[in-house]
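Notes follow the structure.
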Amino acid sequence: KYKNFSGIEGLIKEVFVDEAHIFNIANKYYKSDHFLYLGRGIGFPVALEGALKMKEISYIFSQAYPAGELKHGPLALVDEQTPVFLFSHADSFIYQKLLANAQEVKARNGHGSHLSGRCIRHGDRRILDRPKERYPCVIG
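The numbering of the sequence shown is my numbering, which starts it at -15 and goes up by one.
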């Protein structure tokens, strides 16, 4: 499916354009001793990889779950000390499902970052705030 990787270097460099934003996210979570990663659809393997990298690089406990399983156990792990990363893509059906997950995390006073192509809103209320299109949304 992905046979042409030309231009990927530029895309990777784009991630690091706003180092201050990356620093702010790191500063918010650097004292955390555990992380929860949730993904829907193609976002689930990305969540698995994110949790694995957190363990490998920092030796901090992190666990990934399919976001649809949130109510079946992982939600009990969410509190005001728990950073939660939610991974999705632009599919509207999956997006709506992720919206429900984000609301559950927020109801538990969890801190979440949403990594996808769009911000999560419910009416006028921001569930997840995405300050710039290419960066994570942050709640809590």
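All C-beta atoms in this analysis are idealised placements derived from N, C-alpha and C, irrespective of residue type, glycine included.
Going by DSSP, V68 is part of the beta strand (DSSP E) stretching over P67 to F71. Boundaries of the beta strand (DSSP E) around H18: H18 to G23.
Under the three-state reduction of DSSP output, Y49 falls in the strand class. Segment contact: the stretch 68 to 78 against the stretch 14 to 29, three or more CB-CB distances shorter than 8 Å; contact assigned. Taking C-alpha positions only, H5 is separated from N11 by approximately 10 Å.
In the DSSP assignment, G96 forms a beta bridge with V68. Closest in alpha carbon position to S46, among S16, G94, K90 and E(-2), is S16.
By the 16-neighbour rule on beta-carbons within 10 angstroms, G96 is buried. In this structure, DSSP gives K15 a state outside helix and strand, which the three-state scheme calls coil. Distance from the CA of F0 to the CA of E(-7), rounded to the nearest whole angstrom, comes to 12 Å.
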